[in-house]
Amino acid sequence: NAGVMQNPRHLVRRRGQEARLRCSPMKGHSHVYWYRQLPEEGLKFMVYLQKENIIDESGMPKERFSAEFPKEGPSILRIQQVVRGDSAAYFCASSPGTSGSRGPETQYFGPGTRLLVL
Amino acid sequence: LAKTTQPISMDSYEGQEVNITCSHNNIATNDYITWYQQFPSQGPRFIIQGYKTKVTNEVASLFIPADRKSSTLSLPRVSLSDTAVYYCLVGGGYQKVTFGTGTKLQVIP
C-alpha cells in the first residue's frame, strides 16, 4: 500500500507565476489535509478536505490560495501569482475518515513539496 | 483547540531515556493527546496517542496524569536516529490538529 504521494518534490517559480501542488492520499483514505511549514517553524494548518468538499479552510489565506479534492484524481493546492513569502514546504496528509473514531485520526504525511519563489 | 507548550529543545546521550513534557492546561473533555515525530526534510510521522493514564507501543510510552493538563512522551534508550522534532498535539474527533513549534531533540554520541 503506497503512502501519501506528493509531486513535484521541488518547485521553482518566479514571482507572479502559478504553483500547483498535487497530493495523492493513501489508498482508501477520503480525508486530505494541507499544511505549510516555514524553515525552523512548526506546521501551520491550511485546509481540510473530503472528496468534493472543503470542510475547513480557516488556515488558508483569503486570496491567491485555493484547494480541491475532486471525486477522481489527486488533491490540488493552487497558489496564484506567487510571492517570495510563499516559499515554504507544503505537506499533505491523509486519513481514513472512519466513522466512530474517538480520537483524532492518525494523519499520514507525504514527503512534502518545497516551493521556492524567485 | 487546546494550546500546547513544550520545551524548544533537548539534548540527550545515546542509550538514555528521554522524557518530553507537554503542557495543555485548557484541554477539553473529548480531547486526545497525540505525538508526532519529524525528521529534517520529511513529513511528520505518528508516534503515539492517548486519552488518560499510560499508553505504550513499540516506539514510546505516553504518561497522562489524572488532571490531563500535561503529558509526557518517554523514549527509551534513544539512538542517534531519534534526533528529530517532536510535536505534542491536542484535539478530538475529526478536528484539524494544530502543530506548535515542537521540541527539537538532539541525541549525542
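Residue numbers (the numbering used here), protein chains in the order written: chain A, 3 to 120; chain B, 473 to 581.
Every residue, glycine too, gets a C-beta built ideally from N, C-alpha and C.
Quick caveat: nothing in here was measured; it's all calculated off a predicted structure.
Here B:Tyr485 is exposed: its Cβ has fewer than 16 other Cβ atoms, across all protein chains shown, within 10 Å. Within the segment 519 to 539 of chain B, Gln521, Tyr523 place their CB atoms closer than 8 Å to a CB of chain A, listed in sequence order. Looking at the backbone, the Cα of A:Cys94 and that of A:Gly114 are separated by about 7 Å.
By the criterion of a C-beta distance shorter than 6 Å, B:Val490 is surrounded in its chain by Ser484, Leu547, Val550, once the five residues flanking it on both sides are discounted. If you ignore the 5 residues before and after A:Arg86, its C-beta comes within less than 6 Å of the C-beta of Val119, all in its own chain and listed in chain order. Taking a contact to require three or more Cβ pairs closer than 8 Å, the segment 10 to 18 of chain A and the segment 60 to 80 of chain A do not qualify as touching. The beta-carbon distance between A:Phe71 and A:Gln52, rounded to whole angstroms, is 7 Å. This is short enough to meet the 8 Å contact definition. Taking 3 residues as the minimum length, the beta strand (DSSP E) runs contained wholly in the segment 475 to 537 of chain B are 481 to 485, 490 to 495, 504 to 510, 517 to 522, 525 to 528, 533 to 536, in order along the chain. Out of B:Ala538, B:Ile519, B:Pro537, B:Lys475, the CA that lies nearest to the CA of B:Asn529 is found in B:Ile519.
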